[in-house]
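Reading through the structure tokens given below for one structure.
Numbering (my numbering), first residue to last: 41 to 256.
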């Protein structure tokens with residue numbers, strides 16, 4: 041079963057449209073999963089896998105990246121991955137077909153909320169076993185799904201936090217390095233001034249010696 045669907049812009053994490061299955065028991069924990077989904081999207085980078093599955097307790101996140109847009113769903117653990125990515129492909133095709141020229145300029149969250157009705161129809165289609173039981177008709181080949189990486193959502197989010205901390209440490213070390221270089225340059229200047237000052241003093245003393253020795 042598909043529990044919720046989220047379409048977001050990757051560049052700034054702006055949610056474009058979302059659809060949540062009405063389930064009172066599940067909704068108690070849904071906010072936590074939605075927050076994880078939004079955080080995951082903010083962790084995505086240009087070199088992130090275009091398709092990925094992530095375990096989240098008894099559930100799975102599946103996402104598809106296409107042209108800077110992330111199509112993400114949360115499913116029950118026993119929901120076939122082939123169906124999950126076939127669903128994401130269909131969402132992508134319909135959404136991009138309707139809003140391809142607008143997704144990069146919209147500025148308000150959930151600017152395409154009217155697409156929620158299409159999401160609900162698709163979710164129902166892929167939940168109805170009478171409609172979706174024929175795996176051969178799905179538009180994602182099984183061998184392609186088997187090559188999609190499976191990771192753990194907590195590991196990915198922790199890695200993101202670790203990278204953030206590492207970036208902060210690197211920035212701090214960079215500042216220390218700059219301060220060191222500045223201090224070293226200042227010390228070199230001071231050393232050069234002191235050296236030339238000593239030479240000048242010695243030269244003056246030598247000239248005074250010659251003056252008093254031979255001319256006085």
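Built from N, CA and C at the ideal position, the CB exists for glycine as well.
- request: Can you tell me which of 113, 118, 115, 106 puts its alpha carbon nearest to the alpha carbon of residue 140?
  value: One-based indexing of the chain shown puts residue 140 at position 100. The shortest Cα separation from residue 140 among 113, 118, 115, 106 belongs to 106.
query: Which residues mark the beginning and the end of the alpha helix (DSSP H) in which residue 147 is found?
result: Within the chain shown, residue 147 is the residue found at index 107, counting from 1. Premise fails: residue 147 is in no alpha helix (DSSP H) and is neither H nor E.
- request: Tell me, please, whether the region 141-150 touches the region 52-61 by the rule of three or more beta-carbon pairs shorter than 8 Å.
  value: yes
- prompt: Ends of the alpha helix (DSSP H) at residue 129?
  reply: Locating residue 129 in the chain shown gives position 89, counting from the first residue. First-last of the alpha helix (DSSP H) with residue 129: 121-139.
message: Which residues does DSSP list as the beta-bridge partners of residue 46?
response: Here residue 46 is taken as the residue at index 6 of the chain shown, counted from 1. Bridge partners of residue 46: 58, 112.
Same chain, Cβ closer than 7 Å to residue 153, five either side skipped, listed in chain order: On the chain shown, position 113 is the one that residue 153 refers to. Within the same chain, residue 153 has close Cβ partners 57.
query: Distance, Cα to Cα, residue 236 vs residue 245?
result: Here the question's residue 236 lines up with position 196 in the chain shown. Here the question's residue 245 lines up with position 205 in the chain shown. Each residue's alpha carbon lies about 14 Å from the other.
field: Member of 116, 241, 144 whose CA lies at the smallest distance from the CA of residue 73
entry: For the purposes of this step, residue 73 is taken as the residue at position 33 of the chain shown. When only C-alpha atoms are compared, the closest one is 116.
- request: Indicate the three-state DSSP secondary structure (helix, strand or coil) for residue 88 in the structure shown.
  value: Within the chain shown, the letter at position 48 stands for residue 88. Coil at residue 88, not helix or strand.
message: According to DSSP, is residue 72 part of a helix, a strand, or is it coil?
response: Reading the chain shown from its first residue, position 32 is the one you call residue 72. In the structure shown, residue 72 sits in a helix (DSSP, three-state: H, G or I).
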